[in-house]
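This report concerns only the one structure given below.
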Amino acid sequence: MEQQELNDIYAFAVQLGKDAGDMLMAAAQRRIDGSGQSSSAVSFLGEESYSAGASRTYLVEDKPTWVVDPLDGTVNFTHLFPMFCVSIALVVKGVPVIGVINAPFLRQFFSSCTGRGAWLNETQRLPLIRNPIPPMPANAPSGCTFSCEWGKDRRDIPDGNMSRKIESFVNMASERNGRGGKGGMVHGMRSLGSATLDLAYTAMGSFDIWWEGGCWEWDVAAGFAILEEAGGLVTTANPPSDLETADITRAHLGGRLYLAIRPAGPSATETGRQTQERTVREVWKRVRELDYKRPGV
Numbered sequence: 001m002e003q004q005e006l007n008d009i010y011a012f013a014v015q016l017g018k019d020a021g022d023m024l025m026a027a028a029q030r031r032i033d034g035s036g037q038s039s040s041a042v043s044f045l046g047e048e049s050y051s052a053g054a055s056r057t058y059l060v061e062d063k064p065t066w067v068v069d070p071l072d073g074t075v076n077f078t079h080l081f082p083m084f085c086v087s088i089a090l091v092v093k094g095v096p097v098i099g100v101i102n103a104p105f106l107r108q109f110f111s112s113c114t115g116r117g118a119w120l121n122e123t124q125r126l127p128l129i130r131n132p133i134p135p136m137p138a139n140a141p142s143g144c145t146f147s148c149e150w151g152k153d154r155r156d157i158p159d160g161n162m163s164r165k166i167e168s169f170v171n172m173a174s175e176r177n178g179r180g181g182k183g184g185m186v187h188g189m190r191s192l193g194s195a196t197l198d199l200a201y202t203a204m205g206s207f208d209i210w211w212e213g214g215c216w217e218w219d220v221a222a223g224f225a226i227l228e229e230a231g232g233l234v235t236t237a238n239p240p241s242d243l244e245t246a247d248i249t250r251a252h253l254g255g256r257l258y259l260a261i262r263p264a265g266p267s268a269t270e271t272g273r274q275t276q277e278r279t280v281r282e283v284w285k286r287v288r289e290l291d292y293k294r295p296g297v
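The structure is reproduced here in structure tokens:
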């Protein structure tokens with residue numbers, strides 16, 4: 001895809017995100033009051049692309065595809081908790097290249113286009129702390145803010161996803177080297193109820209680490225684009241068998257298993273990427289493998 005075409009689509013996506021945010025705010029106001037165009041060569045995918053009860057086979061192809069979630073954080077919206085947003089992404093060959101996230105209650109508008117940077121409200125470049133961008137802490141995950149979500153899989157079954165998540169959360173929160181050496185002593189744990197905003201806040205640098213399983217591509221595509229353009233890293237949530245030597249590669253968009261690390265600058269002894277990869281391996285040591293298999297991935 002040529003850069004000028006990408007720029008034109010980016011401008012379209014930005015305006016669409018603004019318009020959609022206005023619609024969400026109007027809908028929220030009605031709740032408070034007591035009442036309840038692009039190129040034809042571009043495909044569209046969202047949650048509505050799947051019929052009720054159908055197998056959610058991964059459908060994103062190599063051709064340019066809009067991946068859209070008109071409301072991420074539905075439970076938050078229902079309860080008028082402000083962490084909800086519109087999420088719009090353009091995905092080319094499986095990689096998000098444009099991302100737009102509009103959180104209208106927060107008046108926060110995130111956007112990115114490959115090669116043009118990632119932005120908050122179109123004026124402030126991400127991450128927020130720059131000149132220099134700090135490295136990941138030397139003893140990460142200690143000193144880090146850790147973002148995680150409970151998800152929708154609440155089945156109370158032995159060693160199910162919920163049990164594995166809880167064990168992982170406790171490992172990350174516990175005192176350093178507690179829990180048989182798995183204690184991470186993170187600085188704080190946060191749960192926003194929106195995977196899209198978790199990624200946006202990681203791109204800002206407000207979260208150092210985001211670990212999650214169970215999301216879909218419409219939940220994360222725009223956040224991937226913005227985080228990676230800001231300099232962040234996204235890989236798989238599940239630890240490999242060879243923690244210390246496994247390659248750290250980009251997470252599959254439809255893999256439903258995600259570990260994100262904020263943008264990081266160099267330290268005295270490491271590049272920014274090295275500090276991110278070191279943090280990934282330290283998280284992998286402390287979390288359980290999650291089971292979110294799906295057809296097509």
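According to the UniProt record's numbering, the stretch in the sequence shown is residues 1 to 297, in order.
By construction, the Cβ of each residue, glycine as well, lies at the ideal position given by its N, Cα and C atoms.
Do histidine 79 and cysteine 144 have their C-beta atoms within less than 9 Å of each other? The answer is no: Cβ separation not under 9 Å.
Based on the DSSP secondary-structure assignment, which residues constitute the bridge partners of proline 96? Note: proline 96 sits in a beta bridge opposite Val91.
Segment limits, beta strand (DSSP E) that includes tryptophan 119: Counting along the chain, the beta strand (DSSP E) containing tryptophan 119 begins and ends at 118-120.
How should asparagine 102 be labelled, buried or exposed, when 16 other C-beta atoms within 10 angstroms of its C-beta is the threshold for buried? Buried: at least 16 other Cβ atoms inside 10 Å.
How close, in whole Å, do the beta carbons of valine 234 and alanine 260 come, if the pair is a contact with beta carbons under 8 Å? 5 Å between Cβ atoms; contact.
Start and end of the alpha helix (DSSP H) containing serine 174? From DSSP, serine 174 is part of no alpha helix (DSSP H); its letter is neither H nor E.
Need the endpoints of the beta strand (DSSP E) that tryptophan 284 sits in, please. In the DSSP assignment, tryptophan 284 falls outside any beta strand (DSSP E) and lies within the alpha helix (DSSP H) extending over 272-284.
Cutting at 8 Å between CB atoms, please list the residues of its own chain near isoleucine 226, excluding the five before and the five after it. Within the same chain, isoleucine 226 has close Cβ partners Gly99, Ile101, Phe110, Ser111, Ser112, Ala118, Leu126, Leu199, Ala200, Ala203.
Going by other Cβ atoms of all chains shown within 10 Å of its Cβ, with 16 needed for buried, is glutamate 229 buried or exposed? Residue environment for glutamate 229: buried (at least 16 other C-beta atoms within 10 angstroms of its C-beta).
Which residue's Cα is closest to the Cα of glutamine 108: Lys18, Arg262, Thr269, Ala13? Checked all of Lys18, Arg262, Thr269, Ala13; the closest Cα to glutamine 108 is Lys18.
Since glutamate 277 contacts isoleucine 248 with CB under 8 Å, what's their CB separation in whole angstroms? Between the beta-carbon of glutamate 277 and that of isoleucine 248 there is about 5 Å, and that keeps the pair under the 8 Å contact cut.
The beta strand (DSSP E) that contains aspartate 69, what's its start and end? That run of the beta strand (DSSP E) goes 65-72.
Burial state of aspartate 219, where buried means 16 or more other Cβ atoms lie within 10 Å: Buried is the call here.
DSSP beta-bridge partners of isoleucine 209: Note: isoleucine 209 sits in a beta bridge opposite Phe146, Ile261.
Quick one, which of Thr279, Glu5, Glu48, Gly181 has its alpha-carbon nearest asparagine 139's? Cα-wise, what sits closest to asparagine 139 is Thr279.
Check for me: the alpha helix (DSSP H) holding glycine 223 runs from which residue to which? Per DSSP, glycine 223 belongs to the alpha helix (DSSP H) from 217-230.
Leucine 16 - DSSP class collapsed to helix/strand/coil: Helix.
Chain-order list of residues whose beta-carbon lies under 6 Å from that of glutamate 2 (same chain, five-residue window excluded): Within the same chain, glutamate 2 has no close Cβ partners at all.
Aspartate 156 classed as buried or exposed, judged by whether at least 16 other C-beta atoms fall within 10 angstroms: Of the residues assessed, aspartate 156 falls on the exposed side of the cut-off, its CB having fewer than 16 other CB atoms within 10 angstroms.
On a Cα-Cα basis, can you pick out the residue from Tyr58, Tyr50, Arg56, Pro64 that is closest to leucine 6? Minimum Cα distance to leucine 6 is reached at Pro64.
Please classify glutamine 29: is it buried, with 16 or more other beta-carbons within 10 angstroms of its beta-carbon, or exposed? Because the pLDDT of glutamine 29 is 48, which lies under 50, any placement of that residue in the model is unreliable, and the number read from its coordinates should be weighed accordingly. It counts as exposed.
Report yes if the C-beta distance between alanine 195 and aspartate 72 is below 9 Å; otherwise report no. The Cβ atoms of alanine 195 and aspartate 72 sit closer than 9 Å to each other.
Per-residue DSSP class, three states only, for methionine 185: In the three-state reduction of the DSSP assignment, methionine 185 falls in the coil class.
With distances taken from CA atoms, which of Gly181, Leu253, Met189, Arg262 is nearest isoleucine 166? When only C-alpha atoms are compared, the closest one is Met189.
Considering only C-alpha positions, which residue in the set Ile9, Leu16, Arg286 is nearest to arginine 164? Of the candidates Ile9, Leu16, Arg286, the one whose C-alpha sits nearest the C-alpha of arginine 164 is Arg286.
Option in Asn121, Pro135, Tyr50, Val92 with minimal Cα separation from threonine 269: Measuring C-alpha to C-alpha distances from threonine 269 to each of Asn121, Pro135, Tyr50, Val92 identifies Pro135 as the nearest.
Using C-beta distances below 7 Å, list every residue in its chain close to threonine 275, excluding the 5 sequence neighbours before and after it, in chain order. Here threonine 275 has Pro135, Met136, Ala264, Ser267 as same chain residues with Cβ atoms under 7 Å from its own Cβ, once five neighbours each way along the sequence are excluded.
Please classify serine 241 as buried or exposed, where buried requires at least 16 neighbouring CB atoms within 10 angstroms. Sixteen is the threshold: since fewer than 16 other Cβ atoms of the shown chains lie within 10 Å of the Cβ of serine 241, the residue is exposed.
Span of the alpha helix (DSSP H) holding leucine 233? No alpha helix (DSSP H) contains leucine 233, which is instead part of the beta strand (DSSP E) from 233-235.
Provide the residue(s) that pair with arginine 125 in DSSP beta bridges, ordered along the chain. Beta-bridge pairing links arginine 125 to Trp119.
Report the rounded CA-to-CA distance for arginine 179 versus threonine 245, giving the unit in angstroms. One alpha carbon belongs to arginine 179, the other to threonine 245, and they sit about 24 Å apart.
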